[in-house]
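Student: Dropping a structure here in structure tokens format, bear with me for questions.
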Amino acid sequence: MLNADRNDIDFRVLSRSMLEATPLPTFVINRNSEIIYCNQRGLNLYAPTQWQPGLYLNQVIRNQAIIQLVQNSIASNTQQKGQFEQGNSDIAWKVTVSPIAHQQHFAGDEYRYFAIVIEDMTEARHIERVQRDFIANISHELRTPLTSVRLLAETLEDAIDTDPEKAQEFVEKIENEANYLSELVAELLELSRIESGQTLMTIEPVGAEQLVREVMARMLPLAQRHRVQLMTDIQQGETLVAADSKQITRVLVNLIHNAIKFTPSGGQIIIGTALQSDRHAQRFFVKDTGVGIRAEELSRIFERFYKTDRARAKPGYIGPGGGGTGLGLAIARHVVETHGGRISAQSTVGEGSVFTFTLPVAIPGENE
């Protein structure tokens, strides 16, 4: 008898150790739904301040669907699983109720104890939703130009002998669609590499003023072609930032492209940089006098594939990314955040927009 008692005690100690080692909130209840044991993660989730022995499950877990699942498991003496949402929120849980099989835990044909394991599925559902949206978006983005190419090719076939001038027009349109597809695939690959951490960033001290002036010189011909004034606003002189100059140049170029695209002829774009008051970060900004962005669009512009209303773009805009893939700002956000910075946008319809991002100031001796 002594050995049996010792074995039972050893089993309980081992069971509790295993439950505490479980990375998920776990409860053990009897057939009356009285909580016999709860690991620390379960306490943290459901009863951080009001836990006491003898509580029943419905006093701790208020979700009636989960309680019903537990009752079904007890009544059937079988394992039961279910997924549940918390009200109207995005929070979701996967709950597994399992009879505990042990020779000393039987009462006739019925199990005496049941384990309830609760897994937070919120992040998993979010990832699934993002993947579904991504597939839907990329399918749409590919289908549209491919359909255009097919229709243009059919029309070209009819016009090639009868109307050479028209045929040449169709050839140019097909080329534009092909260029768009090429740009889309290239940006998809780049975004994928950045998001997965496969893009190697060469972080080194780079002059903030130097970055701005080099991009200014590069973008000036495009601005002049569209009759937009391009200006710089360099504050507090040269400051070194910790950055991959190639990637940050890409961010600035994308922001200026967008500004030119949505700023009417005669408008103005200012590219600037300034040291923040805490002197730990450098602020870069691109400010335009363009058409502005509606409030309902502003909160989504850094999402993959999101495009603002194309009707507001400058008529006849010609430039890299003329059609826009909807990936440029998503890439910019990931690049800036990979550097440890932040990117944001402010806008007033009819007055213009300001895109701002920060980069950490280079610390002497680091990244050299």
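The sequence shown begins at 1 in the UniProt record's numbering and counts up by one. Beta carbons: idealized from backbone N, C-alpha and C, even for Gly. Just so you know, these numbers come straight off a predicted model, no measurement behind them.
(1) Drop a sphere of 10 angstroms on the beta-carbon of P364, count the other beta-carbons inside from all chains shown, and report buried for 16 or more, exposed for fewer.
(2) Going by alpha carbons, who is nearest to H334 out of E351, G350 and F357?
(3) Taking one C-beta from the stretch 196-216 and one from the stretch 161-179 each time, how about it: are there three or more such pairs within less than 8 Å?
(4) With H, G and I counted as helix, E and B as strand and the rest as coil, what does DSSP make of R283?
(5) Check V228 in the structure and name its three-state DSSP category.
(6) Need the endpoints of the alpha helix (DSSP H) that I74 sits in, please.
(7) Who are the near neighbours of S73 in its chain, counting only those whose CB is closer than 8 Å to its CB and skipping five residues on each side?
(8) Tell me which residue opens and which closes the beta strand (DSSP E) that L240 is part of.
(9) According to DSSP, K94 sits in a beta bridge with which residue or residues?
(10) For F355, tell me which candidate among F305, I293 and G340 has the shortest Cα-Cα distance.
(11) Report yes or no: do three or more beta-carbon pairs, one from the stretch 203-220 and one from the stretch 286-305, lie closer than 8 Å?
(12) So is E351 buried or exposed if we call it buried at 16+ other beta carbons inside 10 Å?
(13) With A243 and H126 assumed to form a contact (beta carbons below 8 Å), what rounded beta-carbon distance in angstroms separates them?
(14) Return the chain-ordered list of same chain residues with a C-beta closer than 6 Å to the C-beta of L359, the five sequence neighbours on each side being excluded.
(15) How many Å lie between Q168 and E154 at the Cα?
(16) Rounded to whole angstroms, what's the CA-CA distance from R129 to G328? Just pull it up for me.
(17) Among residues of its own chain, excluding the 5 on either side of I66, which ones have a beta-carbon nearer than 7 Å to its beta-carbon?
(18) By how many angstroms is the C-alpha of Q86 removed from the C-alpha of A101?
(19) Please report the Cβ distance between L55 and F27, rounded to the nearest whole angstrom; I am assuming they are in contact, meaning their Cβ atoms lie under 8 Å.
(20) Going by Cα to Cα distance, which pick from I160, E20 and V215 is closest to R41?
(21) When you compare the CB of N63 with every CB in chain D, is at least one pair closer than 8 Å?
(22) What residue range is occupied by the uninterrupted beta strand (DSSP E) comprising N58?
(23) For E110, which residues in the same chain have their Cβ closer than 8 Å to its Cβ, ignoring the five residues on either side in sequence?
(24) Can you tell me whether DSSP reads Q40 as helix, strand or coil?
(25) With a CB to CB cut of under 6 Å and the five nearest residues on each side skipped, what residues in its chain are close to residue 446?
(26) Short of 7 Å in beta carbon distance, which residues of its chain neighbour T348, apart from the five on each side in sequence? Order them along the chain.
(27) Beta-carbon separation of T232 and M216 under 8 Å?
(28) Can you tell me whether G290 is buried or exposed, with buried defined as 16 or more other CB within 10 angstroms of its CB?
(29) Is it buried or exposed, G266, if we count other Cβ atoms within 10 angstroms and call 16 or more buried?
(30) Considering A332, what are the terminal residues of the alpha helix (DSSP H) in which it resides?
(31) Determine the direct distance from the alpha carbon of L151 to that of E165, and round the result to whole angstroms.
(32) Starting from L359 and walking both ways along the alpha helix (DSSP H), at which residues does that stretch end?
(33) Taking the alpha carbon of F284 as the reference point, which residue from L188, Q229, P264 and S344 has its own alpha carbon closest?
(34) From this set, S277, M18, T273 and K287, which residue's C-alpha is nearest N258's C-alpha?
(35) Thinking C-beta only, is I118 closer than 8 Å to L212?
(36) Check this for me: beta carbons of T122 and A159, under 8 Å apart or not?
Tutor: According to the data block:
(1) P364 is exposed by the Cβ-count criterion.
(2) Checking every option, the nearest Cα to that of H334 belongs to F357.
(3) Too few Cβ pairs lie closer than 8 Å, so no.
(4) In this structure, DSSP gives R283 an extended state, which the three-state scheme calls strand.
(5) Secondary structure of V228 (DSSP, three-state): coil.
(6) Start and end: Q64 to S76.
(7) Spatial neighbours of S73 in its own chain (CB-CB distance under 8 Å, excluding positions within 5 residues in sequence) are listed in chain order as Q79, Q80, V97, S98, P99 and F114.
(8) Looking at the DSSP string, the run of the beta strand (DSSP E) that includes L240 is L240 to A243.
(9) Within the DSSP bridge table, the entry for K94 names Q83 and E119 as partners.
(10) Distances from the alpha-carbon of F355 to those of F305, I293 and G340 put I293 closest.
(11) Not touching, per the Cβ criterion.
(12) Within 10 angstroms of the beta-carbon of E351 lie fewer than 16 other beta-carbons, which makes it exposed.
(13) Contact check for A243 and H126: beta-carbon distance about 30 Å, past the 8 Å limit, so the pair fails to qualify.
(14) Excluding residues within five positions, the ones whose Cβ falls inside 6 Å are V241, A243, Q282, H339 and G341.
(15) Distance between the alpha carbons of Q168 and E154 is about 14 Å.
(16) When rounded, the distance between both Cα atoms is 22 Å.
(17) Closer than 7 Å at Cβ, skipping near neighbours: F84 and V95.
(18) One alpha carbon belongs to A101, the other to Q86, and they sit about 31 Å apart.
(19) In fact, because the Cβ distance is near 10 Å, the residues do not count as touching under 8 Å.
(20) In terms of Cα proximity to R41, the closest of I160, E20 and V215 is E20.
(21) Absence of chain D from the displayed structure is noted, only one protein chain being present.
(22) Taken as a continuous stretch (DSSP letters only), N58 belongs to no beta strand (DSSP E), being part of the alpha helix (DSSP H) at L57 to V60.
(23) So the qualifying residues of the chain are R31 and N77.
(24) Looking at Q40 - three-state DSSP - the assignment turns out to be helix.
(25) Absent from the model: residue 446. The displayed extent of the chain is 1 to 368, so no value can be given.
(26) So the qualifying residues of the chain are G292.
(27) In this structure, T232 lies near M216, with their beta-carbon atoms less than 8 Å apart.
(28) G290 comes out buried.
(29) Exposed.
(30) Residue range G328 to T338 is occupied by the alpha helix (DSSP H) that includes A332.
(31) For E165 and L151, the distance between alpha carbons rounds to 18 Å.
(32) Looking at the DSSP string, L359 is not in any alpha helix (DSSP H); the run it does join, the beta strand (DSSP E), is G352 to P360.
(33) Ranking the options by Cα distance to F284, first place goes to S344.
(34) For N258, the closest alpha carbon among the candidates S277, M18, T273 and K287 is that of K287.
(35) At residue 212 the sequence reads Val, which differs from the Leu that was named. In this structure, the beta-carbon distance from V212 to I118 does not fall below 8 Å.
(36) Contact check for T122 against A159 fails: the beta carbons are separated by 8 Å or more.
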